[in-house]
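Note that the numbering used here gives residue 314 to position 156 of the sequence shown, counting from 1, and the numbers run on in steps of one.
Beta carbons: idealized from backbone N, C-alpha and C, even for Gly.
Following: one structure in structure tokens, then a few remarks.
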Amino acid sequence: MNFKSKNLILIIGNGFDLAHKFKTSYNDFANHIIEKKLATTIIDSNNSNYKGSLITKGFVRELHFNMVFNQHGSVMQQIHYYKNNKDLSGVSDTLKKFSYEIKHIITNDFLGKLFDNHYDNWFDIENAYFNELISIEEKTVRTKPKEEEIKKLNENLIEVKDLLFEYLKTINTLPNRFVNSYFKSTLFNSLDNIYVINFNYTITLENYIESNESIKINYIHGDIESENIIFGYGNDQHPKYKRIKNSGIDEYLRFFKTFEYLSNGKYSEIYEKALEKFDDYDVSIIGHSLGQTDKTLLKEIINNSKCKRIHLHKRADLSGDLVNLKESFNKQIFSISRIIDNEKDLRVKVLNFKDSNYFP
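This is the structure we're talking about:
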């Protein structure tokens, strides 16, 4: 693994679960809401207008799939597309009612914006939340006070968080023999101490970590067995953050991870059991997008002078496609370049493409 240190901080993100083919992406979560909440409510209701029609759960899923991947735009644009391109003759009135009911079933305004394609990707829920905060702060014409708008947005976010938590509990996280082999034969075989910072809520990692004093796991945002999970925005270096912080409105800050971390000892434990304890360390990153929502914490780990080397991973599923393999790896480098303060550190600390390992 080309380690420079005998101590490792392992950062795990949702890509780790996705590599197992678990349906833990926000798009999977969105489809769950479509199938279990919206479609069931619309189709199976005693008052439904859709029994015996062409509006089925499969249709709803297909409608949503195209919408979130920006193929045909918002709900109403989708309706127009289907009316003109699918064999749906005679159901135009049903389609109009369907669109109307979607908008009335989703009473959560924030969730409605996500479904109606206001943001590029479902996986960016936390960034979308921050953008909503900023739009409230920047709004010049308003019909109600800022505090009221922010409180409503935060209530919406709590509802989305609860739905996500409920959904993740339904996922059966079985082990994978290739991942198990990778951990035992490649990643863990030459180290004295391993400190895992797991950003996932699932406990997939438990399948591979035996009871061992040299390995510690920190579910930094909580897990599915917790009473509460941390879900919000984590870049307090954003230039617009200071503006909303200095506004004096506490509700703006309720779901910033900086403040949520103070609700338990998980954040301080990273310092006590890794950053301050280790004389030096390597960092290995598996499945974390290295995006803005966790930037503050990642900066403290990666920019530390004790950090000697950073290991990214090549995707084994792209091993036969060199162009896309390099593009995938480069995206990780571009993302981490926004976290590392010093360009020289970027060149020296990050292990190059050629010498980096594949993750199964």
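**Q.** Same chain, Cβ closer than 6 Å to residue 350, five either side skipped, listed in chain order
**A.** Closer than 6 Å at Cβ, skipping near neighbours: 164.
Q: Note down the Cα distance separating residue 178 from residue 405, rounded to an integer number of angstroms.
A: 44 Å
Q. Under a Cβ-count criterion, where at least 16 other Cβ atoms within 10 Å of its own Cβ denotes burial, should residue 429 be classed as buried or exposed?
A. exposed
Q.
Output needed for residue 227: all residues of its chain with C-beta closer than 8 Å, excluding positions within five of it in sequence on either side, in chain order.
A. Low local confidence applies: a pLDDT of 40 at residue 227 is under 50, so the model's placement there is unreliable, with the coordinate-based value given in what follows. Within the same chain, residue 227 has no close Cβ partners at all.
Q) Does the distance from the CB of residue 291 to the CB of residue 387 come in under 8 Å? A) no
Q) beta strand (DSSP E) containing residue 466: first to last residue? A) 465-469
Q: Answer with buried or exposed for residue 496, where buried requires no fewer than 16 other C-beta atoms within 10 angstroms of its C-beta.
A: With fewer than 16 Cβ atoms within 10 Å of its Cβ, residue 496 is classed as exposed.
Q) Do residue 493 and residue 433 have their C-beta atoms closer together than 8 Å? A) no
(Q) Let me check understanding here. Comparing Cα to Cα, which of 450, 439, 469 lies closest to residue 353? (A) Closest in alpha carbon position to residue 353, among 450, 439, 469, is 439.
Q.
In this structure, how does DSSP classify residue 171 when only helix, strand and coil are distinguished?
A. It is coil, neither helix nor strand.
Q | Sequence-distant residues of its chain with Cβ nearer than 7 Å to residue 474 (five each side left out) | A | 516, 517, 518
Q) So, are the CB atoms of residue 485 and residue 391 less than 8 Å apart? A) no
Q) Should residue 269 go down as buried or exposed, given a rule of 16 or more other Cβ atoms within 10 Å for buried? A) So residue 269 ends up on the buried side.
Q. Under 8 Å, do residue 169 and residue 446 count as touching if we go by C-beta distance?
A. yes
Q: Tell whether a beta-carbon distance below 8 Å holds between residue 378 and residue 431.
A: no
Q: Report yes if the C-beta distance between residue 499 and residue 462 is below 8 Å; otherwise report no.
A: Result no, Cβ atoms of residue 499 and residue 462 do not sit closer than 8 Å.
Q. Between which two residues does the alpha helix (DSSP H) harbouring residue 283 extend?
A. From DSSP, the alpha helix (DSSP H) with residue 283 extends over 283-296.
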